[in-house]
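Notes follow the structure.
Protein chains: 2
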Amino acid sequence: MESSSMVFGEKDWLACCGSVKFAEEMVAAGPFSNYQEALDAAKDIWFNKVDVNGWLEAFAAHPQIGDSPSQSHKSPTSAQWSKGEQSTAITTATESTLQELYEWNARYRQKFGFVFLIFASGRSTPEILAEIKRRYHNRPIVEFEIAAEEQMKITELRLSKLFSANATAGSTTKTPH
Amino acid sequence: MESSSMVFGEKDWLACCGSVKFAEEMVAAGPFSNYQEALDAAKDIWFNKVDVNGWLEAFAAHPQIGDSPSQSHKSPTSAQWSKGEQSTAITTATESTLQELYEWNARYRQKFGFVFLIFASGRSTPEILAEIKRRYHNRPIVEFEIAAEEQMKITELRLSKLFSANATAGSTTKTPH
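Which chain is which? The protein sequence lines are A and B, in order. Taken in order, the first sequence gives residues 1 to 177; the numbers are from the working numbering. Taken in order, the second sequence gives residues 1001 to 1177; the numbers are from the working numbering.
Dropping the structure here:
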């Protein structure tokens, strides 16, 4: 029983990173005996095996920063986590900074073709605004790689949540056996 | 009349590079007084303005190397050029090397999610086979950038054809004025 407590399913991995290929490869690479093993596998899969379409798919699973997660999230777990990750941004936002962020999100998406992605935990709205303005000047391919690195930071935090939640309450989507 | 002979339309640029954004930006940046001006604009647009979705769109406009262009080409001009670019490959191919190329194309597409792209002019089928096998080991993002550079080489050759064809016979898709 003890050793099977770290068996996660595709839905668990999808809540960490919204690429189907990523989730499938994590299932194939698992089960993992601890968080570090899972993280090592996740990094290898994300940077070496998921193709550029998979990166775009994972980016598309995120809400626009400053928006309510419920509109774009397919995974309820991911929606809840996203809300937590943006809590500092939300408490430091004013109506005018939120409006500015909204406008820059639109400009960003217009230039790059995907949502602005940032590891938001602990970051205030003014900090996030400064980042989007700075990154907006990047070449599309450069920004694409930066977004993939931000996605990996988000995935890393979510994996740790998955493992700590599992240590106390078991996986939410584990099939009985 | 003389100065208008270098006015090309969206279809001309699309035959050089199958990204709609690329073609639109070339129209907006033109008209160009010579080939070099057009090439400089094309490089700037392709590497700095076309987003990753536009790169994928341009890649998708190419036939699989070794295949007949007529199956995937939307542009008749592009289909004809593609055939010319692959003429060395075609004359140096045997049934077995073509079969091997076909299999590697499938493996490549399976890993990277887009067609194997190579500046094929003057390259034999054995050379192309060696390249696809070598590049297959790359990380997806690395290969994505290499493919974009190969696309630019193809675009460069096609731009030169467009300008030399225009110098003798005028643009094929130019609207009368």
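The beta carbon of each residue, even a glycine, is placed where N, CA and C say it ideally should be. Because the structure is a prediction, the values reported are computed rather than measured.
Per-residue DSSP class, three states only, for GLU1057 (chain B): Three-state DSSP puts GLU1057 (chain B) in a helix.
Chain B residues whose Cβ lies nearer than 7 Å to that of ASN53 (chain A): Neighbours of ASN53 (chain A) on chain B, chain order: GLY1113.
Terminal residues of the alpha helix (DSSP H) in which VAL1027 (chain B) lies: Looking at the DSSP string, the run of the alpha helix (DSSP H) that includes VAL1027 (chain B) is 1020–1029.
DSSP three-state assignment for TYR1035 (chain B), whether helix, strand or coil: It is helical.
Sufficient close CB pairs (3 or more, under 8 Å) joining the segment 1012–1023 of chain B to the segment 1144–1163 of chain B: Inter-segment contact for the segment 1012–1023 of chain B and the segment 1144–1163 of chain B is present: three or more beta-carbon pairs are separated by less than 8 Å.
Proximity of ILE1132 (chain B) and ILE1118 (chain B) at Cβ, strictly below 9 Å: Result yes, Cβ atoms of ILE1132 (chain B) and ILE1118 (chain B) sit closer than 9 Å.
Residue-chain proximity (ASN48 (chain A), chain B), Cβ-Cβ < 9 Å: Under the 9 Å criterion on CB atoms, ASN48 (chain A) is classed as interfacial with respect to chain B.
Sequence-distant residues of the same chain with beta carbon closer than 7 Å to GLU100 (chain A), five excluded per side: LEU129, listed in sequence order.
Completely contained alpha helix (DSSP H) runs for the segment 1086–1137 of chain B, where each covers 4 or more residues: For the segment 1086–1137 of chain B, whole alpha helix (DSSP H) runs of length 4 or above, ordered along the chain, are 1087–1091, 1095–1112 and 1125–1135.
Within 9 Å, strictly: CB atoms of PHE114 (chain A) and VAL1027 (chain B): The answer is no: Cβ separation not under 9 Å.
Contact with chain A by LEU1117 (chain B), beta-carbon distance below 9 Å: For LEU1117 (chain B), the closest Cβ of chain A is not nearer than 9 Å.
Inter-residue CB distance, ILE146 (chain A) and ARG135 (chain A) (contact presumed, cutoff 8 Å): Right, the Cβ-Cβ distance comes to about 6 Å (below 8 Å), so this counts as a contact.
Local Cβ density within 10 Å of ASP1012 (chain B), reported as buried at 16 or more and exposed below that: A residue is called buried when at least 16 other Cβ atoms come within 10 angstroms of its Cβ; ASP1012 (chain B) meets this threshold and is buried.
Beta-carbon proximity list for PHE1163 (chain B), same chain, < 6 Å, skipping 5 on both sides: Excluding residues within five positions, the ones whose Cβ falls inside 6 Å are TYR1035.
Local conformation of PHE8 (chain A) per DSSP, three classes: If DSSP states are grouped into helix, strand and coil, PHE8 (chain A) belongs with coil.
Chain-ordered chain A contacts of GLU1145 (chain B) [CB-CB under 8 Å]: Under the 8 Å cutoff, chain A gives ILE141.
Chain B contact for ALA29 (chain A) (CB, 9 Å cutoff): For ALA29 (chain A), the answer is no, since every Cβ of chain B falls outside 9 Å of its Cβ.
Interface flag, LEU157 (chain A) vs chain B, CB-CB below 9 Å: Not closer than 9 Å to any Cβ of chain B, the Cβ of LEU157 (chain A) fails to qualify, so no.
CA-to-CA distance, GLU24 (chain A) to GLY1122 (chain B), given in whole angstroms: Rounded to the nearest angstrom, the two C-alpha atoms are 41 Å apart.
Where ALA106 (chain A) falls, given that 16 or more other Cβ within 10 Å makes a residue buried: Exposed, by the Cβ-count rule.
Cβ of CYS16 (chain A) within 9 Å of any chain B Cβ: Not one chain B Cβ lies under 9 Å of CYS16 (chain A).
Minimum Cβ-Cβ distance from ALA42 (chain A) to chain B less than 9 Å: So, not an interface residue.
Short CB-CB distance (under 9 Å) between LEU1056 (chain B) and chain A: Interface residue, yes.
9 Å Cβ cutoff, ALA1167 (chain B) in contact with chain A: The beta carbon of ALA1167 (chain B) does not come within 9 Å of any beta carbon belonging to chain A, so the residue lies off that interface.
Collapsed DSSP secondary structure at ALA167 (chain A) in the structure displayed: Helix, per DSSP.
C-beta atoms of PHE47 (chain A) and ALA120 (chain A) nearer than 9 Å: Between PHE47 (chain A) and ALA120 (chain A), the C-beta spacing is not below 9 Å.
SER1160 (chain B) (DSSP reduced to helix, strand or coil): Helix.
Helix, strand or coil at CYS17 (chain A) [DSSP, three-state]: Three-state result, CYS17 (chain A): coil.
Cβ-based burial, THR1094 (chain B) [other Cβ within 10 Å; buried from 16]: Counting the other CB atoms within 10 Å of its CB gives THR1094 (chain B) a total below 16, which places it among the exposed residues.
Length of the line joining the Cα atoms of ALA1167 (chain B) and LEU39 (chain A): Between the alpha carbons of ALA1167 (chain B) and LEU39 (chain A) lies a gap of roughly 59 Å.
Nearest residue (CA-CA) to SER87 (chain A), options A:ALA58, A:GLY9 and A:ILE65: Checked all of A:ALA58, A:GLY9 and A:ILE65; the closest Cα to SER87 (chain A) is A:ILE65.
9 Å Cβ cutoff, ALA148 (chain A) in contact with chain B: Chain B contact via Cβ: present.
Candidates B:ALA1042, B:ALA1079 and B:ILE1045: closest to ALA1060 (chain B) by CA position: Looking only at B:ALA1042, B:ALA1079 and B:ILE1045, the smallest Cα-Cα distance to ALA1060 (chain B) is reached by B:ALA1079.
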